[in-house]
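Asker:
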Amino acid sequence: MRDIYLDNNATTKVDGMVVDAMIPYFTEYFGNPSSIHRFADGVAKAIKKARSQVQELLGAEHDSEIIFTSCGTESDSTAILSAIKCQPNRKEIITTAVEHPAILNLVDNLEKEGYTIHRLPVDKRGRLSLEAYKAMLSDQVAIVSVMWANNETGTIFPVEQMAQMANDAGVMFHTDAVQAVGKIPMMLQDTKIDMLSLSGHKLHAPKGIGVLYLKRGTRFRPLLRGGHQERGRRAGTENTASIVGLGVACELAMQYMEFENTQVTAMRDKLEQGIVESIPHCFITGDLNNRLPNTTDIAFEYIEGEAILMLLNKAGIAASSGSACTSGSLEPSHVMRAMDIPYTAAHGTIRFSFSRYNSMDDVDEVLKVMPKIVATLRKLSPYWDSVNNEPVSNPEQAFQPTYA
Amino acid sequence: MWDYSDKVKDHFFNPKNAGAVVDANAIGEVGSISCGDALRLTLKVNDQTEVIEEAGFQTFGCGSAIASSSVLTELIKGMTIDEALKVTNQDIAAELDGLPPEKMHCSVMGREALQAAVANYRGEEWADDHEEGALICKCFAIDAVMIEEMVWANKLRTVEDVTNYTKAGGGCAACHEDIEAILEKVLKERGENFDPNAKPATKPEPLVAAAKGPMTNLQRIKKIEEVLTSLRPALMADGGDVELVEVIGNTAYVNMTGACNGCQMAAMTIAGIQQRLMEVLGEFIKVVPASEMSKLVNIEGAGHA
Numbered sequence: 037m038r039d040i041y042l043d044n045n046a047t048t049k050v051d052g053m054v055v056d057a058m059i060p061y062f063t064e065y066f067g068n069p070s071s072i073h074r075f076a077d078g079v080a081k082a083i084k085k086a087r088s089q090v091q092e093l094l095g096a097e098h099d100s101e102i103i104f105t106s107c108g109t110e111s112d113s114t115a116i117l118s119a120i121k122c123q124p125n126r127k128e129i130i131t132t133a134v135e136h137p138a139i140l141n142l143v144d145n146l147e148k149e150g151y152t153i154h155r156l157p158v159d160k161r162g163r164l165s166l167e168a169y170k171a172m173l174s175d176q177v178a179i180v181s182v183m184w185a186n187n188e189t190g191t192i193f194p195v196e197q198m199a200q201m202a203n204d205a206g207v208m209f210h211t212d213a214v215q216a217v218g219k220i221p222m223m224l225q226d227t228k229i230d231m232l233s234l235s236g237h238k239l240h241a242p243k244g245i246g247v248l249y250l251k252r253g254t255r256f257r258p259l260l261r262g263g264h265q266e267r268g269r270r271a272g273t274e275n276t277a278s279i280v281g282l283g284v285a286c287e288l289a290m291q292y293m294e295f296e297n298t299q300v301t302a303m304r305d306k307l308e309q310g311i312v313e314s315i316p317h318c319f320i321t322g323d324l325n326n327r328l329p330n331t332t333d334i335a336f337e338y339i340e341g342e343a344i345l346m347l348l349n350k351a352g353i354a355a356s357s358g359s360a361c362t363s364g365s366l367e368p369s370h371v372m373r374a375m376d377i378p379y380t381a382a383h384g385t386i387r388f389s390f391s392r393y394n395s396m397d398d399v400d401e402v403l404k405v406m407p408k409i410v411a412t413l414r415k416l417s418p419y420w421d422s423v424n425n426e427p428v429s430n431p432e433q434a435f436q437p438t439y440a
Numbered sequence: 015m016w017d018y019s020d021k022v023k024d025h026f027f028n029p030k031n032a033g034a035v036v037d038a039n040a041i042g043e044v045g046s047i048s049c050g051d052a053l054r055l056t057l058k059v060n061d062q063t064e065v066i067e068e069a070g071f072q073t074f075g076c077g078s079a080i081a082s083s084s085v086l087t088e089l090i091k092g093m094t095i096d097e098a099l100k101v102t103n104q105d106i107a108a109e110l111d112g113l114p115p116e117k118m119h120c121s122v123m124g125r126e127a128l129q130a131a132v133a134n135y136r137g138e139e140w141a142d143d144h145e146e147g148a149l150i151c152k153c154f155a156i157d158a159v160m161i162e163e164m165v166w167a168n169k170l171r172t173v174e175d176v177t178n179y180t181k182a183g184g185g186c187a188a189c190h191e192d193i194e195a196i197l198e199k200v201l202k203e204r205g206e207n208f209d210p211n212a213k214p215a216t217k218p219e220p221l222v223a224a225a226k227g228p229m230t231n232l233q234r235i236k237k238i239e240e241v242l243t244s245l246r247p248a249l250m251a252d253g254g255d256v257e258l259v260e261v262i263g264n265t266a267y268v269n270m271t272g273a274c275n276g277c278q279m280a281a282m283t284i285a286g287i288q289q290r291l292m293e294v295l296g297e298f299i300k301v302v303p304a305s306e307m308s309k310l311v312n313i314e315g316a317g318h319a
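First to last, the protein sequences are chains A and B.
Sequence positions in the first sequence follow my numbering and run 37 to 440.
Sequence positions in the second sequence follow my numbering and run 15 to 319.
1. Does DSSP put F27 of chain B in a helix, a strand or coil?
2. Note down the Cα distance separating Y41 of chain A from E340 of chain A, rounded to an integer number of angstroms.
3. List the endpoints of the continuous alpha helix (DSSP H) containing S111 of chain A.
4. What residue from A:V134, A:K219, A:D400 has the CA that sits closest to L441 of chain A's CA?
5. Say whether chain B places a C-beta atom closer than 8 Å to the C-beta of L140 of chain A.
6. Give the secondary structure of H237 of chain A by DSSP, where H, G and I count as helix, E and B as strand, and everything else as coil.
7. Between the region 328-346 of chain A and the region 179-192 of chain A, are three or more C-beta pairs nearer than 8 Å?
8. Show which residues of chain A have a CB atom less than 7 Å away from the CB atom of E72 of chain B.
9. Taking C-alpha atoms, which residue in A:L282, A:S235, A:C122, A:N394 lies nearest to E110 of chain A?
10. In the DSSP assignment, find the unbroken alpha helix (DSSP H) run with R234 of chain B in it and report its ends.
11. Let me know the secondary structure DSSP gives K58 of chain B once reduced to three states.
12. How would you list, in chain order, the residues of chain B whose beta-carbon sits under 7 Å from the beta-carbon of A133 of chain A?
13. Determine, for Y249 of chain A, whether the minimum Cβ-Cβ distance to residues of chain B falls below 8 Å.
14. Name the chain B residues that come within less than 7 Å of P258 of chain A, Cβ to Cβ?
15. Kindly indicate the opening and closing residues of the beta strand (DSSP E) around F104 of chain A.
16. Would you say Y61 of chain A faces chain B, with C-beta separation under 8 Å as the test?
17. With 9 Å as the C-beta to C-beta threshold (strictly closer), list the residues of the region 315-345 of chain A near chain B in chain order.
18. On a Cα-Cα basis, can you pick out the residue from A:T114, A:S429, A:E135 that is closest to A271 of chain A?
19. Look up I156 of chain B in the DSSP assignment and give the residues it is bridged to.
20. Flag this pair as yes or no: are the beta carbons of R252 of chain A and C122 of chain A separated by less than 8 Å?
21. If you run the structure through DSSP and keep just helix, strand and coil, what is F75 of chain A?
22. Compare the beta carbon distance of D51 of chain B and G45 of chain B with 8 Å and say whether it is the shorter of the two.
23. Name the chain A residues that come within less than 7 Å of I80 of chain B, Cβ to Cβ?
24. Using DSSP's beta-bridge definition, name the partner residues of Y179 of chain B.
25. Apply the 10 Å Cβ neighbour rule to G185 of chain B and answer buried if 16 or more other Cβ atoms are within range, or exposed otherwise.
26. For Y379 of chain A, return the contacting residues in chain B, with the cut-off set at a CB-CB distance below 9 Å.
27. I need the straight-line Cα distance from L221 of chain B to N145 of chain A, nearest angstrom please.
28. So what's N134 of chain B in DSSP terms, helix, strand or just coil?
29. Does T298 of chain A pass the burial test, meaning 16 or more other C-beta atoms within 10 Å, or should it be called exposed?
30. Given that H383 of chain A touches chain B, what residues does it touch there, using C-beta distances under 7 Å?
31. Would you tell me roughly how many angstroms separate the C-alpha atoms of E126 of chain B and A98 of chain B, rounded to the nearest one?
32. Could you check which residue in B:I80, B:N39, B:F74 has the C-alpha nearest to that of K58 of chain B?
33. To which residues of the same chain is D43 of chain A closer than 7 Å at the C-beta, ignoring the five residues directly before and after it?
34. To which residues of the same chain is K412 of chain A closer than 8 Å at the C-beta, ignoring the five residues directly before and after it?
35. Restricting to runs no shorter than 3 residues, where is the beta strand (DSSP E) found entirely within the region 221-299 of chain A?
36. Which chain A residues are close to A130 of chain B, counting only those with a beta carbon under 8 Å from its beta carbon?
Okay, here's the thing in structure tokens:
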């Protein structure tokens with residue numbers, strides 16, 4: 037059985053060319069880039085090259101605006117903690133209800149320390165209200181942090197416009213662009229975005245490498261102090277092999293940008309259309325007109341996500357779910373709750389996320405097995421009438437369990 | 015992905031007794047809010063003999079919820095309803111070769127559906143008697159509601175108190191931040207401030223006196239028994255028990271029974287017992303499940319022959 041990987045928003049396969057480029061920095065040029073001997077020969081230069089490759093993908097004005105970190109989460113924490121340290125008198129932070137936990141858990145913690153957190157709500161399609169946003173901006177706000185694209189639904193937020201609005205109000209702007217970088221083109225030098233986080237493993241580089249983009253002139257306080265690495269803005273010996281790998285991955289992402297936005301989108305569109313046509317009582321979540329090219333998130337009503345994933349996995353297909361059970365947490369995904377997706381559908385959401393390694397054959401295979409998987413689980417569901425093969429009438433009333 | 019046993023997978027991929035029993039005369043409908051799972055259990059009970067002749071389930075839920083429902087129907091078919099009521103959630107978990115701590119509530123849901131169905135058969139109203147909160151301690155599967163209640167009821171002040179009363183935080187210690195947050199919240203409601211260096215609110219139960227000097231094997235066995243006796247109430251509170259089977263050198267062989275048997279937390283419990291024994295005996299003691307003893311004894315026996 038051929039395995040089909042459709043969980044590229046979780047992580048991606050490291051590109052073979054990335055691996056090849058990294059190996060010499062483990063074996064031959066393992067020297068510390070700060071050293072003066074042949075083992076470090078050219079390592080600093082290789083880091084410089086990688087920095088310019090990242091710069092190119094982001095459309096940054098200067099290569100010194102690229103700070104290598106260990107991951108997207110580190111970049112997020114660095115950005116927000118820097119902003120509040122620089123501006124100790126500003127005690128408010130603006131973010132959204134649908135951010136990644138890397139932001140949400142951080143601001144929850146800051147809330148306990150006395151910060152006021154404004155969490156922008158979203159509508160049923162996952163969209164933000166710019167009027168509501170505008171009303172929150174003030175000289176009390178230390179930083180705005182809004183994701184470029186949502187990891188679950190792929191919905192894209194108007195961060196360039198929001199950064200301009202923040203700038204007009206004299207407020208710093210950060211975006212967690214972990215899902216967007218490499219999938220949609222960007223030109224940061226033309227924006228008012230002050231800081232941006234990216235993560236290598238979402239674009240075919242290895243895990244354990246990230247970047248914080250820091251626009252020249254943005255006030256900054258490092259999270260890690262120590263050595264002079266990254267111009268003193270992120271101390272710690274450089275992860276040279278991964279930095280080199282990320283550089284190559286960024287260059288490849290540039291090359292494949294058009295493919296991503298035509299071929300990959302075509303696969304995504306064919307899959308979701310096929311599913312919606314062949315399976316009753318399912319719907320696509322998020323802003324359908326404004327999404328990442330590779331992501332679709334589909335809610336299958338009356339069944340539960342982990343059960344779907346287990347059957348998909350048995351059929352050799354990897355995807356992910358917003359169900360509570362897959363995370364061991366108490367609630368279905370906070371993104372689904374924020375969009376007010378009904379409980380009987382929120383638990384049954386499945387995210388398929390493509391990459392350039394997928395093919396139309398993958399789509400056909402999923403379309404072949406998916407209707408059967410959904411039917412199998414619905415047959416077990418108390419919300420489903422197996423005799424007439426439709427939901428029981430008034431499902432919420434027909435089945436009213438006592439909740440523990 | 016969860017570390018599901020082969021039995022869980024088998025019952026999930028090939029569920030038994032799926033669907034509603036036609037002309038059922040006992041129906042139980044329960045849900046576990048913590049996982050978004052819900053289950054309807056339908057039974058056909060013979061009015062003369064009270065034997066459960068048919069059982070069927072319909073489950074909205076994850077892999078372990080479906081597997082727990084399936085195995086429950088297999089367990090109770092052919093039992094009288096009185097026998098069926100003796101089936102515990104640990105029995106369900108054990109029949110599945112264990113469930114991950116985060117998923118034990120799936121087996122609880124199965125047992126509750128059974129109780130609800132029997133109440134329905136007898137024309138009674140079934141009321142749920144426990145509330146479930148966010149899982150705080152993953153080592154011992156203790157949730158926030160349980161910790162909060164114990165903090166309130168016993169005027170607990172420190173993380174150590176919470177561990178003494180609930181076991182929460184007594185394993186890997188990663189949840190101590192969360193426990194402190196609960197203490198801060200409850201203490202605030204009580205008009206006090208949380209002080210991490212406060213003296214424990216209550217003295218932990220008197221410890222077994224620590225051993226002094228080298229021991230004979232008989233003294234060692236007696237001491238081990240004493241320690242196990244002191245730990246027994248905590249285990250029994252969870253529906254489990256421990257029994258000393260044999261002591262060979264510095265290895266104690268024990269039987270974990272009841273709730274401990276079949277729970278994937280058994281290993282953690284054994285580690286806790288070992289720690290306690292070492293503290294009291296002042297020497298290295300290895301605690302091993304008795305199930306691993308047979309081969310060892312046989313080898314020794316062969317050596318003597």
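Glycine residues also receive a C-beta, built at the ideal position from the N, C-alpha and C atoms.
Answerer: The structure says:
1. helix
2. 21 Å
3. 108-122
4. Any property of residue 441 of chain A remains undetermined from this structure, which presents chain A solely from 37 to 440.
5. no
6. helix
7. yes
8. A small fix is needed here, since residue 72 of chain B is Gln in this sequence, not Glu. Those are L416, S417, P418, listed as they occur along chain A.
9. A:S235
10. 231-251
11. strand
12. The contacting residues do not exist; A133 of chain A stays about 19 Å from chain B at best.
13. no
14. The contacting residues do not exist; P258 of chain A stays about 25 Å from chain B at best.
15. 102-105
16. no
17. Y338, I339, E340, G341, E342, A343, L345
18. A:T114
19. B:C151
20. no
21. helix
22. yes
23. A343, L416
24. In DSSP, Y179 of chain B forms no bridge with anything.
25. buried
26. G50
27. The predicted position of L221 of chain B is uncertain, since its pLDDT is 49 and thus under 50; a value taken from the coordinates is nonetheless stated next. When rounded, the distance between both Cα atoms is 38 Å.
28. helix
29. exposed
30. G50
31. 12 Å
32. B:N39
33. A354, A355, S356, S389
34. Residue identity differs from the one stated: residue 412 of chain A is Thr in this sequence, not Lys. The answer, listed in chain order, is L347.
35. 231-235, 246-250
36. T438
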